[in-house]
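A quick write-up on the structure given underneath.
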Amino acid sequence: MSSLTSMNVAAKTASGLNEAANSLYRPELLAEEYRPRVSAYYFRQWEGFRMDAHSHDRVEIMYVLKGACVVDTEGASLSLKKGDFVLLDANVSHNLLVGDPCRMLNVEFEFASGGGVGLCLRELAAGGEELGRFLAKPRPFWLLKDDGEVYPTLKSLVLELSERRGSRDTMVQLLLSRLILQIARMAEETDTEGASPASSYFRKTTEYIHSHYDCDLQLKDIAGAVSLHPGYLHRVFKASAGCTVMEYLTKVRVEKARMLLAHSDIPVIDISCYIGMNSRQYFSAVFKKHTGQTPAGYRRTFRTHQGAETEG
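In our numbering, the protein residues as written are 586 to 897.
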């Protein structure tokens, strides 16, 4: 079941969600000073298990590390496998069904008012548009698939909670804030991709480019990384971005070159190798086309301007 199904369920239950003291969607969370606080966390290996329907006034994350399970909630039956997790709002009734062995990590949290370490939820939402939109759309649950970002944060959070270190409270709050922001972003991307599959390909393509721009890339390489035919990727990407995949790659490379020229001491003749352009002449021509300056000229201009600001 996708998160889109949760939208249908949400229509019936959204009005009741805000009544829970620790609901993610309580208006007070964005009007006053509240911080998330972990109340329970545990790893658990389940096998041939059925948990009766229950609810609690805490937000819960149920993350599948290995195997598969079913979570029944709000009239929906959610099938989870490795890398899937469900976010349940406070006081949402749910049960758990496990046949074959399934290893899970559960984290439950609530919200505490008053001062504390780190940013409060209101401040997090003010600094991140995705979180603000996420909190403005009450839903009893979200079924999400981890893209590789959430579990490292969850694991670090649990380990930090388990170890008594001097900076424990600060690290816990930072990790919990990061987790909430990651989930908000993932939820928004899931909604968008459910409505338009092309947006999923666009996001995966840009993510691949931003993490591989230093490699010798051709369109076929990028298309292979996102499991699409090069011709189809070319069409859907241009429709979304207004430019071709290779034009986007060039823009990313030029921006990286500008950053390295301005803020590093890497020799100008070596910059091309850092951005996936092995020909210095080609790099210089492309850079000048996009900036109006040669790489060496750009560095001189930046440092002259920076020096003038320092003296002023």
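By construction, the Cβ of each residue, glycine as well, lies at the ideal position given by its N, Cα and C atoms.
- [ ] Mind checking which residues open and close the beta strand (DSSP E) that includes L665?
- [x] The count along the sequence shown starts at 1 and reaches residue 665 at position 80. It spans 661-666 - the beta strand (DSSP E) in which L665 sits, taken as one unbroken run.
- [ ] Please state if the CB of T835 and the CB of V811 are separated by a distance shorter than 8 Å.
- [x] Start at 1 with the first residue of the sequence shown, and residue 811 comes out as number 226. Start at 1 with the first residue of the sequence shown, and residue 835 comes out as number 250. T835 sits away from V811, with the two beta carbons spaced by 8 Å or more.
Task: Cβ-Cβ distance between L760 and Y648 below 8 Å - done: Against the sequence shown, residue 760 aligns to sequence position 175. Against the sequence shown, residue 648 aligns to sequence position 63. The answer is no: Cβ separation not under 8 Å.
Open item on the list: In whole angstroms, give me the CA-to-CA distance for L802 and L682.
Closed with: Numbered from its first residue, the sequence shown carries residue 802 at position 217. Numbered from its first residue, the sequence shown carries residue 682 at position 97. Approximately 46 Å, taken between the alpha carbons.
Task: Minimum C-alpha distance to A638 - residue among S662, L845, R885, G882 - done: In the sequence shown, residue 638 corresponds to position 53, counting from 1. Per the Cα distances, S662.
Open item on the list: Give me, in chain order, the residues of the same chain whose beta-carbon lies closer than 7 Å to that of G717; leave out the 5 immediate sequence neighbours on both sides.
Closed with: As a working note, residue 717 is residue 132 in the sequence shown. So the list reads A710, once near-sequence residues are dropped.
TODO: Would you list the one or two residues that DSSP bridges to N691?
DONE: Within the sequence shown, the letter at position 106 stands for residue 691. DSSP, once it has assigned bridges, lists Y627, M647 as partnering N691.
TODO: Have a look at I851 and I794 and give me their C-alpha separation to the nearest angstrom.
DONE: Numbered from 1 along the sequence shown, position 266 holds the residue referred to as residue 851. Numbered from 1 along the sequence shown, position 209 holds the residue referred to as residue 794. Rounded to the nearest angstrom, the two C-alpha atoms are 22 Å apart.
Open item on the list: So, with DSSP's three-state summary, where would you put T876?
Closed with: By one-based count along the sequence shown, residue 876 stands at place 291. Helix at T876.
Task: Whole-angstrom distance between T829 and F822, CA atom to CA atom - done: Your numbering for residue 822 matches position 237 in the sequence shown. Your numbering for residue 829 matches position 244 in the sequence shown. When only Cα atoms are considered, F822 and T829 end up about 6 Å apart.
Open item on the list: With the cut-off set at 8 Å, would you say T775 and L729 are in Cβ contact?
Closed with: As a first step, residue 775 must be located in the sequence shown, where it is residue number 190. As a first step, residue 729 must be located in the sequence shown, where it is residue number 144. Their beta carbons are under 8 Å apart, which means T775 touches L729 by this criterion.
- [ ] Check whether the Cβ atoms of V644 and F726 sit closer than 8 Å, and answer yes or no.
- [x] What you label residue 644 is simply residue 59 of the sequence shown in a count that begins at 1. What you label residue 726 is simply residue 141 of the sequence shown in a count that begins at 1. Against a cut-off of 8 Å, the Cβ pair of F726 and V644 comes out as no contact.
Task: Burial state of T755 (16 or more Cβ within 10 Å) - done: Looking up residue 755 in the sequence shown gives position 170. T755 comes out exposed.
TODO: Using a threshold of 8 Å, state whether the C-beta atoms of S608 and A675 are closer than that.
DONE: As a working mapping, residue 608 is identified with position 23 in the sequence shown. As a working mapping, residue 675 is identified with position 90 in the sequence shown. Contact: yes.
Task: DSSP three-state assignment for M844, whether helix, strand or coil - done: For the purposes of this step, residue 844 is identified with residue 259 of the sequence shown, where counting begins at 1. Look at M844 here: in three-state DSSP terms it is helix.
Task: H641 versus H875 - alpha carbon distance - done: For the purposes of this step, residue 641 is taken as the residue at position 56 of the sequence shown. For the purposes of this step, residue 875 is taken as the residue at position 290 of the sequence shown. Cα to Cα, the separation comes out at about 57 Å.
Task: Identified DSSP bridge partners for T791 - done: If you number the sequence shown from 1, residue 791 lands on position 206. For T791, which the question treats as bridged, DSSP gives no partner whatsoever.
Task: In DSSP terms, what H679 is bridged to - done: One-based indexing of the sequence shown puts residue 679 at position 94. Paired residues: H639, T658.
- [ ] Within its chain, find whatever has a CB closer than 7 Å to the CB of T886; leave out the 5 residues flanking it on each side and keep chain order.
- [x] Your numbering for residue 886 matches position 301 in the sequence shown. Cβ neighbours of T886 beyond the five flanking positions: Q878.
TODO: Starting from the Cα of C800, find the closest Cα among Y859, I854, M831, S752 and give me that residue.
DONE: In the sequence shown, counting from the first residue as 1, residue 800 sits at position 215. If we check each option's Cα against that of C800, Y859 comes out closest.
Task: Buried versus exposed, by CB contacts within 10 Å (16 or more), M898 - done: The structure shown does not extend to residue 898, since the chain is modelled only from 586 to 897, so the question has no answer here.
TODO: Helix, strand or coil for L706, going by three-state DSSP, please let me know.
DONE: Stepping through the sequence shown from its first residue, residue 706 is reached at position 121. Here L706 carries a helix assignment [DSSP, helix/strand/coil].
Task: Opposing strand residues paired with Y619 [DSSP bridges] - done: Residue mapping note: residue 619 aligns to position 34 of the sequence shown, counting from 1. The partner list for Y619 (beta bridge, DSSP) reads S698.
Open item on the list: Taking the alpha-carbon of S698 as reference, which of R622, H848, E618, R611 has the nearest alpha-carbon?
Closed with: Within the sequence shown, numbered from 1, the residue matching residue 698 stands at position 113. Checked all of R622, H848, E618, R611; the closest Cα to S698 is E618.
Open item on the list: For S600 and L614, I'd like the C-alpha separation in whole angstroms.
Closed with: Stepping through the sequence shown from its first residue, residue 600 is reached at position 15. Stepping through the sequence shown from its first residue, residue 614 is reached at position 29. Interpretation of S600 is limited by its pLDDT of 47, a score under 50 that renders its predicted location unreliable; no figure is taken from the coordinates.
- [ ] Identify the continuous beta strand (DSSP E) that holds D669 and give its terminal residues.
- [x] Within the sequence shown, residue 669 is the residue found at index 84, counting from 1. The continuous beta strand (DSSP E) containing D669 extends over residues 669-673.
Task: P737 classed as buried or exposed, judged by whether at least 16 other C-beta atoms fall within 10 angstroms - done: Reading the sequence shown from its first residue, position 152 is the one you call residue 737. With fewer than 16 Cβ atoms within 10 Å of its Cβ, P737 is classed as exposed.
Task: Proximal residues to A881 (C-beta, below 7 Å), its chain only, five neighbours per side dropped - done: Numbered from 1 along the sequence shown, position 296 holds the residue referred to as residue 881. Around A881, the same chain offers V853 as residues with beta carbons nearer than 7 Å, after the five sequence neighbours per side are excluded.
Task: F787 to G733 span [Cα, whole Å] - done: Residue 787 sits at position 202 when you count from the first residue of the sequence shown. Residue 733 sits at position 148 when you count from the first residue of the sequence shown. Taking C-alpha positions only, F787 is separated from G733 by approximately 18 Å.
Open item on the list: Between A769, I646, C654, Y610, which has its C-alpha nearest C687's C-alpha?
Closed with: Residue mapping note: residue 687 aligns to position 102 of the sequence shown, counting from 1. Ranked by Cα distance from C687, the options A769, I646, C654, Y610 are led by C654.
Open item on the list: Please state the DSSP three-state secondary structure of A653.
Closed with: Along the sequence shown, one-based indexing puts residue 653 at 68. Strand at A653.
- [ ] Taking 8 Å as the cut-off, decide whether the C-beta atoms of F670 and P621 are in contact.
- [x] Against the sequence shown, residue 670 aligns to sequence position 85. Against the sequence shown, residue 621 aligns to sequence position 36. No Cβ-Cβ contact shorter than 8 Å links F670 with P621.
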